[in-house]
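A.B. asks:
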Amino acid sequence: MFSHVMVGSNDIERSKRFYDAALGVLGVAEPIRNKASTGHTRLFYRHDGGTFCVTEPINGEPASFANGGTIAFKCTSPEQVREFHDTAVAHGGTSIEGPPGLRDGKVGAMHLAYVRDPDGNKLCALHRPKVGS
């Protein structure tokens, strides 16, 4: 359904350090760095057919996060959920909404962890156990 997700950053190098570490836990390689025709720097992290992008706002205004917005990254195990969380926090992120762990919801049990990146974007690490696990 999605081609890519893009978030803004007020400090592209700080964001690169954060996302290199956090997305590295998921096996995502270094981003492609692009200088837009407007002069703004963008980072493109490509993995499993999707692209996660970080950009300096093209309109010159400060970057801000989406109130109510969350970007979730699929993890392969509960351990990877925790590692994503811990790595994100160690690289400037902020842990939110309780510790990483198993949560039971209307769509079934899943392992979740939530953090905010250094610009305030809300991220989720998610592992959904297979039925019968």
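Letter by letter, the sequence shown follows residues -18 to 114 of the numbering used here.
Cβ coordinates follow ideal geometry from the N, Cα and C atoms, glycine included.
Label P12 either buried or exposed according to how many other C-beta atoms from any shown protein chain fall within 10 Å of its C-beta, with 16 as the threshold for buried.
C.D. replies: P12 should be labelled buried.
A.B. asks: Less than 7 Å between C-beta atoms, sequence neighbours within five positions excluded: which residues of the same chain meet that for F25?
C.D. replies: Result list for F25: P12, I13, N15, T32, C34, in chain order.
A.B. asks: Identify, in the order they occur along the chain, each residue of the same chain with its Cβ nearer than 6 Å to the Cβ of P81, setting aside the five sequence neighbours on each side.
C.D. replies: The answer, listed in chain order, is V62, R63, H66, A94.
A.B. asks: Around the C-beta of S18, are 16 or more other C-beta atoms found within 10 angstroms, so that it is buried, or is it exposed?
C.D. replies: When all chains shown are included, S18 counts as exposed.
A.B. asks: Would you call the CB atoms of S(-4) and D85 closer than 8 Å?
C.D. replies: Result no, Cβ atoms of S(-4) and D85 do not sit closer than 8 Å.
A.B. asks: Give the straight-line distance between the Cα atoms of I77 and T68, rounded to the nearest whole angstrom.
C.D. replies: C-alpha separation (whole angstroms): 14 Å.
A.B. asks: Is the beta carbon of V9 less than 8 Å from the beta carbon of H28?
C.D. replies: Cβ atoms of V9 and H28: closer than 8 Å.
A.B. asks: Strictly by DSSP, which residues pair up with I(-7)?
C.D. replies: For I(-7), which the question treats as bridged, DSSP gives no partner whatsoever.
A.B. asks: Note down the Cα distance separating C105 from I(-7), rounded to an integer number of angstroms.
C.D. replies: Cα-Cα distance, rounded: 21 Å.
A.B. asks: Can you list the beta strand (DSSP E) stretches of 3 or more residues lying completely in the region -9 to 66, in chain order?
C.D. replies: Runs found: 13 to 16, 22 to 28, 31 to 36, 52 to 55.
A.B. asks: How many angstroms separate the CA atom of H60 from the CA atom of V6?
C.D. replies: The sequence given here has Glu at residue 60, not His. Cα to Cα, the separation comes out at about 11 Å.
A.B. asks: Give the C-beta separation of K111 and G50 to the nearest angstrom, bearing in mind that I take them to be a contact with Cβ-Cβ under 8 Å.
C.D. replies: The pair is not a contact, with the Cβ atoms about 28 Å apart (cut-off 8 Å).
A.B. asks: Drop a sphere of 10 angstroms on the beta-carbon of F(-1), count the other beta-carbons inside from all chains shown, and report buried for 16 or more, exposed for fewer.
C.D. replies: Answer is buried; the Cβ neighbour count reaches 16.
A.B. asks: Could you compute how far the alpha carbon of G89 sits from the alpha carbon of F54?
C.D. replies: Their backbone Cα atoms lie some 17 Å apart in a straight line.
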